[in-house]
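**Student:** My questions all concern the structure below.
2 protein chains.
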Amino acid sequence: MQVVLGIDIGGTTTKIGLVDKAGNILGETVTPTPANTSGISPEGFVLQLHDAIAALRSKLTEVCEVVSTGIGAPNGSYYKGTIEYAANLPWQHEVAPIAQLFEKYYPGIPVKLTNDAKAAALGEMIYGGARGMRDFIVVTLGTGFGSGIVCGGALLYGSDSFAGELGHTIINPNGRHCGCGRRGCLETYVSATGLKQTAFEVMSARYFTEPSALKRLSFLDMTAKDIADAAAQGDSMALEVFDKTAQMLALGLANAIAITGPEAIFIYGGLAKSGDLLLAPTRKYLNEAALKNFCKRDEKGNILREAKAQVLLSELNDKNGALLGAAALAWEEMEKR
Amino acid sequence: MQVVLGIDIGGTTTKIGLVDKAGNILGETVTPTPANTSGISPEGFVLQLHDAIAALRSKLTEVCEVVSTGIGAPNGSYYKGTIEYAANLPWQHEVAPIAQLFEKYYPGIPVKLTNDAKAAALGEMIYGGARGMRDFIVVTLGTGFGSGIVCGGALLYGSDSFAGELGHTIINPNGRHCGCGRRGCLETYVSATGLKQTAFEVMSARYFTEPSALKRLSFLDMTAKDIADAAAQGDSMALEVFDKTAQMLALGLANAIAITGPEAIFIYGGLAKSGDLLLAPTRKYLNEAALKNFCKRDEKGNILREAKAQVLLSELNDKNGALLGAAALAWEEMEKR
Numbered sequence: 008m009q010v011v012l013g014i015d016i017g018g019t020t021t022k023i024g025l026v027d028k029a030g031n032i033l034g035e036t037v038t039p040t041p042a043n044t045s046g047i048s049p050e051g052f053v054l055q056l057h058d059a060i061a062a063l064r065s066k067l068t069e070v071c072e073v074v075s076t077g078i079g080a081p082n083g084s085y086y087k088g089t090i091e092y093a094a095n096l097p098w099q100h101e102v103a104p105i106a107q108l109f110e111k112y113y114p115g116i117p118v119k120l121t122n123d124a125k126a127a128a129l130g131e132m133i134y135g136g137a138r139g140m141r142d143f144i145v146v147t148l149g150t151g152f153g154s155g156i157v158c159g160g161a162l163l164y165g166s167d168s169f170a171g172e173l174g175h176t177i178i179n180p181n182g183r184h185c186g187c188g189r190r191g192c193l194e195t196y197v198s199a200t201g202l203k204q205t206a207f208e209v210m211s212a213r214y215f216t217e218p219s220a221l222k223r224l225s226f227l228d229m230t231a232k233d234i235a236d237a238a239a240q241g242d243s244m245a246l247e248v249f250d251k252t253a254q255m256l257a258l259g260l261a262n263a264i265a266i267t268g269p270e271a272i273f274i275y276g277g278l279a280k281s282g283d284l285l286l287a288p289t290r291k292y293l294n295e296a297a298l299k300n301f302c303k304r305d306e307k308g309n310i311l312r313e314a315k316a317q318v319l320l321s322e323l324n325d326k327n328g329a330l331l332g333a334a335a336l337a338w339e340e341m342e343k344r
Numbered sequence: 008m009q010v011v012l013g014i015d016i017g018g019t020t021t022k023i024g025l026v027d028k029a030g031n032i033l034g035e036t037v038t039p040t041p042a043n044t045s046g047i048s049p050e051g052f053v054l055q056l057h058d059a060i061a062a063l064r065s066k067l068t069e070v071c072e073v074v075s076t077g078i079g080a081p082n083g084s085y086y087k088g089t090i091e092y093a094a095n096l097p098w099q100h101e102v103a104p105i106a107q108l109f110e111k112y113y114p115g116i117p118v119k120l121t122n123d124a125k126a127a128a129l130g131e132m133i134y135g136g137a138r139g140m141r142d143f144i145v146v147t148l149g150t151g152f153g154s155g156i157v158c159g160g161a162l163l164y165g166s167d168s169f170a171g172e173l174g175h176t177i178i179n180p181n182g183r184h185c186g187c188g189r190r191g192c193l194e195t196y197v198s199a200t201g202l203k204q205t206a207f208e209v210m211s212a213r214y215f216t217e218p219s220a221l222k223r224l225s226f227l228d229m230t231a232k233d234i235a236d237a238a239a240q241g242d243s244m245a246l247e248v249f250d251k252t253a254q255m256l257a258l259g260l261a262n263a264i265a266i267t268g269p270e271a272i273f274i275y276g277g278l279a280k281s282g283d284l285l286l287a288p289t290r291k292y293l294n295e296a297a298l299k300n301f302c303k304r305d306e307k308g309n310i311l312r313e314a315k316a317q318v319l320l321s322e323l324n325d326k327n328g329a330l331l332g333a334a335a336l337a338w339e340e341m342e343k344r
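Residue numbers (the working numbering), protein chains in the order written: chain A, 8 to 344; chain B, 8 to 344.
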């Protein structure tokens, strides 16, 4: 049967899967992503992937023909098939021609590479909750804030393939310092790290007499999961952290909606596990923050304070969304040919 | 010869032109746009346009075959051909089926309608400085802030045709009150009205000992042109107004760049007449505000503090850009058929 290779290059591990057209993962394996201090060359990494793929294929009982390859990678350029200056990979000062190197090992098999969050958006479109939608956004919330934006049925790439960076829109010009060197990016508020910073902001500012699990944790020890667990148990301080995070997320989404007009926004990744803790207040604040053109109306044409765009959990949160996204990219490429 | 009808429905007047494929306006006329208190129905307005068009055609010496019609209108929906709840038209609580009514008068001739700023972007793409570009933004600066965003060669419409509202992205959550009911929209800082408000902010805050033409003008009397004229003569207060305006514009553009990754941003409309007074500081601040993925790099891969996206004046500022935009929409529709 025909399958594609889906490859998700993550911060510490790279996942490889053989995926059929319906999104079934027939086999998968994991290999370490080279650390930025490892000195491994792009050629060396592709060779490592090639060996892992060969080992994976040898274990399959069914005969599979690989017809296309899709790769999701940090700072991946769809146009050039390169990984460009990725901070956590050994090629931070380089443009690594990953797709081109791949083609050497698998002659005749098309290889497409894109940013990891864009791959997640394709996965949502082909295998998830965005099936049939032409305009939507996937927000991936983990350590950072990634996003993939689909407009008119196509991923938004921009002139050099790096469009769709919603996490680095500035929502507070005098706000938190961001890893990108600027201030007030959405990511500094809405991400695992941002959530923790907000917990410390709340502790620094409010007069909380109730006990809170968060008070016992140092900055180094506290995780987003600690905050989510506390909130799930009704910890008022943790609930306020989610409320503030939702307020910032809604502001960022209102801006993204004004620019790209999506039908829905899907939340994917680690923070999505907090479910309604994040989604319920985000919906509430988005109803307040959305521009009236993007709100529903009653029969008489009066504006209702309810955003048209739905905020939903990704349907791939319990599946291997990033891998399915890479596979979706590979299948999409086959359709184009 | 074959021509299209381009119609630009503005705040006070509606311009009508017969335009050939090369963008030559073979004939044009103007008719009043009905005021929101006029009580004129959509049918009545289309009849008024029909009569104006007939009069225009009767004056032409050359025989022209109208093959398509394009209309640029406030709150125009491309998908439905309607004008929806436009604040300055008599149908503020209605959805007016303008394209459909047009088709009754001109059977067999396709009619497309879109938002006025989106039409300007199409005009730039077909007749202006964006020829050959696939990703760019046109910002129309007049009383308000309009924008049309082209991604991958197509106008960005979103799920309901109202995407591309850059002027209503919030850049300062506690900022100025906006006509849309929210606070801190880009339009409240970057528009003729915003420029004036900034002049009063500067007068309220700074200790200016130098004389300034702005000090003599009341809020009702002052216009954006007064500020531009003063700045052109070196008035330090007026120059500071432009500097602050450019800073806010750059912040809004940096966000739009992060989301849509354009190759260039074109400035069109009344405020564009101030030329380098606005553009020079906007470029400077955009170089500071742009995310590093959207900055140039040197040969060694080091980031330069220079935005890749160019900030340019529209090439249609001296022409009838809005009318040419409506004509471009009509010609684009012909190409699709």
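Heads up, the beta-carbon is just placed ideally off N, CA and C, and yes, glycines get one too.
#1: Provide the residue span of the beta strand (DSSP E) that contains A:L12, from first to last.
#2: Would you call the stretch 120–129 of chain B and the stretch 72–80 of chain B in contact, with 3 or more CB pairs under 8 Å?
#3: Within 10 Å of its beta-carbon, does B:P49 have 16 or more other beta-carbons around it, so buried, or fewer, so exposed?
#4: Would you check if the distance between the CB atom of A:T289 and the CB atom of A:A253 is smaller than 8 Å?
#5: Using a C-beta to C-beta distance shorter than 7 Å, which residues of chain A count as neighbours of B:Y92?
#6: Looking at the structure shown, is A:K66 part of a helix, part of a strand, or coil, going by DSSP?
#7: Would A:I274 count as contacting chain B if we go by Cβ distances under 8 Å?
#8: Are the C-beta of A:P218 and some C-beta of chain B separated by less than 8 Å?
#9: Can you confirm whether the stretch 274–284 of chain B touches the stretch 144–151 of chain A when touching is taken to mean that 3 or more C-beta pairs between the two stretches lie within less than 8 Å?
#10: Under 8 Å, do B:Y113 and B:H100 count as touching if we go by C-beta distance?
#11: If you follow the alpha helix (DSSP H) that B:G332 is in, where does it begin and where does it stop?
#12: Using the rule of at least 16 other Cβ atoms within 10 Å of the residue's Cβ for burial, across every protein chain shown, is A:M132 buried or exposed?
#13: In this structure, does DSSP put B:T267 in helix, strand or coil?
#14: Tell me, please, which residues DSSP counts as bridged to B:T44.
#15: Quick check on B:E101 - is its C-beta less than 8 Å from some C-beta in chain A?
#16: Any beta-carbon of chain A closer than 8 Å to the one on B:P49?
#17: Who are the Cβ neighbours of A:P5 in its own chain at under 8 Å, not counting the five residues just before and after it?
#18: Can you list the residues of chain A that B:F6 reaches, using a CB-CB cut of under 8 Å?
#19: Could you please give the first and the last residue of the uninterrupted alpha helix (DSSP H) stretch that includes A:S211?
#20: Where B:F301 and A:Y164 are concerned, what is the direct C-alpha to C-alpha distance, given to the nearest angstrom?
#21: Buried or exposed, going by whether 16 or more other CB atoms sit within 10 Å of the CB of A:Y134?
#22: Is any non-hydrogen atom of the ligand MN found closer than 7 Å to the C-beta of A:C187, if you look at the structure I gave you?
#23: Around the Cβ of A:H175, are there at least 16 other Cβ atoms within 10 angstroms (buried) or fewer (exposed)?
#24: Give the DSSP-derived three-state secondary structure of A:T176 in the structure shown.
#25: So, are the CB atoms of A:A231 and A:L202 less than 8 Å apart?
#26: Can you grab the Cα-Cα spacing for the pair B:C185 / A:A296, in whole Å?
#27: Tell me whether the beta-carbon of A:L96 lies closer than 8 Å to the beta-carbon of A:L63.
#28: Around the Cβ of A:L330, are there at least 16 other Cβ atoms within 10 angstroms (buried) or fewer (exposed)?
#29: Can the beta-carbon of B:A257 be found closer than 8 Å to that of B:L221?
#30: Less than 8 Å between the CB atoms is what I'm expecting for A:A271 and A:A316, so what's the real figure, rounded?
#31: In chain order, what residues of the same chain lie with their CB nearer than 6 Å to the CB of A:L320, ignoring the 5 residues before and after it?
#32: Any idea what DSSP makes of A:A316, helix, strand or coil?
#33: Of all Cβ atoms in chain A, is any one closer than 8 Å to the Cβ of B:K87?
#34: So which residues on chain A does B:L173 lean against when the C-beta distance must stay under 8 Å?
#35: If distances are taken between C-alpha atoms only, which option among B:L311, B:K111, B:G268 comes closest to A:S168?
#36: In terms of alpha-carbon separation, which member of A:V74, A:T195, A:K22 lies closest to A:N327?
**Tutor:** Working from what's here:
#1: Boundaries of the beta strand (DSSP E) harbouring A:L12: 9–16, taken from the DSSP string.
#2: Result yes; three or more Cβ-Cβ pairs closer than 8 Å.
#3: Here B:P49 is buried, its C-beta having at least 16 other C-beta atoms within 10 Å.
#4: Contact flag set, yes.
#5: Going along chain A in sequence order, the residues near B:Y92 (Cβ under 7 Å) are G308.
#6: Helix.
#7: So no, A:I274 is outside the interface.
#8: Contact of A:P218 with chain B is not assigned, every C-beta pair being separated by 8 Å or more.
#9: No, they do not touch.
#10: Their beta carbons are not under 8 Å apart, which means B:Y113 does not touch B:H100 by this criterion.
#11: Taken as a continuous stretch (DSSP letters only), the alpha helix (DSSP H) holding B:G332 covers 328–343.
#12: A:M132 is classed as buried because its beta carbon has at least 16 other beta carbons within 10 Å across all chains shown.
#13: In the structure shown, B:T267 sits in a helix (DSSP, three-state: H, G or I).
#14: Note: B:T44 sits in no beta bridge, so no partner.
#15: For B:E101, the answer is yes, since a Cβ of chain A falls inside 8 Å of its Cβ.
#16: Look at B:P49: its C-beta is not under 8 Å from any C-beta on chain A.
#17: As displayed, chain A neither begins before 8 nor continues past 344, which places residue 5 of chain A out of reach and without an answer.
#18: As shown, chain B starts at 8 and ends at 344. That puts residue 6 of chain B outside it, with no answer to give.
#19: Counting along the chain, A:S211 sits inside the alpha helix (DSSP H) bounded by residues 199–212.
#20: Each residue's alpha carbon lies about 12 Å from the other.
#21: Taking all protein chains shown into account, A:Y134 has 16 or more neighbouring C-beta atoms within 10 Å of its C-beta and is therefore buried.
#22: In terms of ligand content, the structure shown is empty, and the ligand MN therefore cannot be addressed.
#23: Flag for A:H175 reads buried.
#24: In the structure shown, A:T176 adopts coil according to DSSP, grouped into three states.
#25: Yes. Within cutoff.
#26: Taking the straight line joining both Cα atoms gives about 13 Å.
#27: Taking 8 Å as the Cβ cut-off, A:L96 and A:L63 do not qualify as a contacting pair.
#28: The residue is buried, with at least 16 neighbouring Cβ atoms inside 10 Å.
#29: Not a contact, by the Cβ cut-off of 8 Å.
#30: Rounded, the Cβ-Cβ distance is 6 Å, consistent with contact.
#31: I274, A279, listed in sequence order.
#32: Note: A:A316 maps to coil in three-state DSSP.
#33: False, the Cβ-Cβ gap to chain A never drops below 8 Å.
#34: The answer, in chain order, is A265, I266.
#35: Answer by Cα proximity: B:G268.
#36: Closest by alpha carbon: A:K22.
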